[in-house]
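Enquirer: Residue numbers (full-length UniProt numbering): 1 to 259.
Ideal placement from N, C-alpha and C gives every residue a C-beta, glycine not left out.
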Amino acid sequence: MSCPDCFKGSIHDGEPRGRTIKLHDLDTYVVEPSEGKEVKGIVVVIPDAFGWEFVNCRLLADNYADKSNYKVYLPDFMIGECHSSRGYNLFLTLWAVMPFIIRNRFGKTYPIVKNFFEKLRKSEGATLPVGVAGFCWGGKLAILLSHGVEVDGKPIIDAAFTGHPSGLSFPGDFEKVTVPLSVAVGDIDSQFPLEMAEKMNNLVESKPGPTRGEIKIYPGAGHGFCVRASMEKDGLAEKASAAEDQAIAWFNTHFKVGS
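1. Determine the direct distance from the alpha carbon of Ala65 to that of Gly36, and round the result to whole angstroms.
2. Is DSSP giving Glu15 helix, strand or coil here?
3. Under 6 angstroms Cβ to Cβ from His24, same chain only, skipping five residues before and after it: list those, please.
4. Could you check the C-alpha separation between Gly125 and Arg105 for me, to the nearest Å?
5. With a threshold of 16 other CB atoms inside 10 Å of the CB of Asp152, please say whether the residue is buried or exposed.
6. Sort Ile11, Ile102, Phe77 by Cα distance to Gly139 and report the nearest one.
7. Looking at the structure shown, is Lys207 part of a helix, part of a strand, or coil, going by DSSP?
8. Counting only the same chain and skipping the five closest in sequence on each side, list residues whose C-beta sits under 6 angstroms from that of Leu128.
9. Taking the straight line between their C-alpha atoms, what separation do you get for Asp48 and Asn69?
10. Nearest CA to the CA of Val179: which residue from Ile143, Val185, Gly186?
11. Which residue's Cα is closest to the Cα of Phe192: Val132, Leu181, Arg103, Leu168?
12. So, is Pro171 buried or exposed, given that buried needs 16 or more other C-beta atoms within 10 angstroms?
13. Is Asp62 buried or exposed, if buried means 16 or more other CB atoms sit within 10 Å of its CB?
14. Which value, in whole angstroms, describes the spacing of the CA atoms of Ile46 and Asn56?
15. Please go through the same chain and pick out, in chain order, the residues whose beta-carbon is closer than 7 angstroms to the beta-carbon of Phe213, but skip the five residues on each side of it.
16. Do Ala247 and Phe161 have their beta-carbon atoms positioned less than 7 angstroms apart in this structure?
17. Per DSSP, what kind of secondary structure is Ser241 in: helix, strand or coil?
18. Can you say whether Met231 is buried or exposed, counting buried as having 16 or more other CB atoms within 10 angstroms of its CB?
19. Specify the secondary structure class of Asn89 as computed by DSSP and reduced to three states.
20. So, is Asn252 buried or exposed, given that buried needs 16 or more other C-beta atoms within 10 angstroms?
See below:
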């Protein structure tokens with residue numbers, strides 16, 4: 001489900017500009033498009049192991065909103081049971097990994113995620129397109145939402161993006177996808193080996209019509225780069241920004257919103 005690289009990375013500098021609310025029974029960070037732009041869609045971020053309060057995840061949500069016309073939600077799908085981002089806890093110890101895996105196993109958390117999206121689709125999502133962006137732990141959940149789940153005869157999401165997903169079943173998780181899915185993965189990702197990424201890209205690119213997907217491979221990037229890239233390492237910040245652009249372009253295309 002999770003790997004050593006799921007618990008490593010850098011904490012980014014910055015002050016998130018959004019606010020926290022209670023939405024569909026979950027504590028949720030929300031950020032609106034900048035400069036008063038009209039909201040033309042909703043993107044829900046499912047975070048990595050560090051959860052909804054992790055500054056990197058909130059800054060990423062801000063970046064999505066700044067680069068688009070989308071309202072972005074970052075809910076506490078872990079119900080307070082995330083991995084600590086304080087100090088040395090950014091680095092893996094078995095004592096940190098095992099409790100996280102037990103508390104946040106997919107069989108327990110997926111119903112929470114699905115319930116949130118069902119309520120969202122019946123409220124704001126009844127008139128606005130809904131997308132999901134999941135990372136690492138959240139990437140698996142984003143893909144599960146792409147498996148033909150419907151609400152009142154309508155897909156629960158309109159499009160999905162995931163960065164360096166973990167805990168995947170190959171090729172089954174990709175064979176079951178029925179909505180447009182875009183994936184960003186590094187070529188040195190321990191959870192998504194390069195050879196497998198190339199095979200899964202062929203699979204999703206061969207899907208018919210509007211369900212056709214894509215997998216973009218970022219040279220020199222490892223697991224976690226979309227959220228926890230070191231700003232000091234050559235090129236990683238640029239790759240993380242490019243993955244943000246990839247996600248927004250994907251949602252623009254499938255939400256039918258001009259860039």
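Expert: This is what the structure gives:
1. Numbered from 1 along the sequence shown, position 36 holds the residue referred to as residue 36. Numbered from 1 along the sequence shown, position 65 holds the residue referred to as residue 65. Rounded to whole angstroms, Gly36 to Ala65 spans 11 angstroms at the Cα level.
2. Counted from its first residue, the sequence shown places residue 15 at position 15. It is coil, neither helix nor strand.
3. Here residue 24 refers to the residue found at position 24 when the sequence shown is read from its first residue. Here the set comprises Phe116, Lys119.
4. Position 125 of the sequence shown, counted from the first residue, corresponds to residue 125. Position 105 of the sequence shown, counted from the first residue, corresponds to residue 105. In a straight line, the C-alpha of Gly125 is about 27 angstroms away from that of Arg105.
5. Taking the first residue of the sequence shown as position 1, residue 152 is located at position 152. Around the Cβ of Asp152, a 10 Å sphere holds fewer than 16 other Cβ atoms; the residue is exposed.
6. Taking the sequence shown and counting its residues from 1, the one referred to as residue 139 is at position 139. With distances taken between CA atoms, Gly139 lies nearest to Phe77 out of Ile11, Ile102, Phe77.
7. The residue labelled residue 207 in the question sits at position 207 within the sequence shown. Reduced to three states, the DSSP call for Lys207 is coil.
8. Here residue 128 corresponds to residue number 128 of the sequence shown, with the count starting at 1. The answer, listed in chain order, is Gly41, Ile42.
9. The residue given as residue 48 occupies position 48 in the sequence shown. The residue given as residue 69 occupies position 69 in the sequence shown. Rounded to the nearest angstrom, the two C-alpha atoms are 24 angstroms apart.
10. Residue numbering aside, residue 179 sits at position 179 when the sequence shown is read from its first letter. Here the closest residue by C-alpha is Ile143.
11. Locating residue 192 in the sequence shown gives position 192, where the first residue counts as 1. Considering only alpha carbons, the answer is Leu168.
12. Translated into positions along the sequence shown, residue 171 becomes position 171. Exposed is the call here.
13. As a working note, residue 62 is residue 62 in the sequence shown. Under this definition Asp62 is a buried residue.
14. The residue given as residue 46 occupies position 46 in the sequence shown. The residue given as residue 56 occupies position 56 in the sequence shown. Ile46 and Asn56 have their C-alpha atoms some 13 angstroms from each other.
15. In the sequence shown, the residue the question calls residue 213 occupies position 213. It should be pointed out that residue 213 corresponds to Gly in this sequence rather than to Phe. Closer than 7 angstroms at Cβ, skipping near neighbours: Val177, Pro180, Leu181, Ser182, Val204, Glu205, Lys207.
16. Numbered from 1 along the sequence shown, position 161 holds the residue referred to as residue 161. Numbered from 1 along the sequence shown, position 247 holds the residue referred to as residue 247. Contact flag set, yes.
17. As a working mapping, residue 241 is identified with position 241 in the sequence shown. Looking at Ser241 - three-state DSSP - the assignment turns out to be helix.
18. Along the sequence shown, one-based indexing puts residue 231 at 231. Exposed, since its Cβ has fewer than 16 Cβ neighbours within 10 Å.
19. Taking the sequence shown and counting its residues from 1, one reaches residue 89 at position 89. Low local confidence applies: a pLDDT of 49 at Asn89 is under 50, so the model's placement there is unreliable, with the coordinate-based value given in what follows. It is helical.
20. Here the question's residue 252 lines up with position 252 in the sequence shown. Residue environment: Asn252 is assigned as buried (16 or more neighbouring CB atoms within 10 Å of its CB, all protein chains considered).
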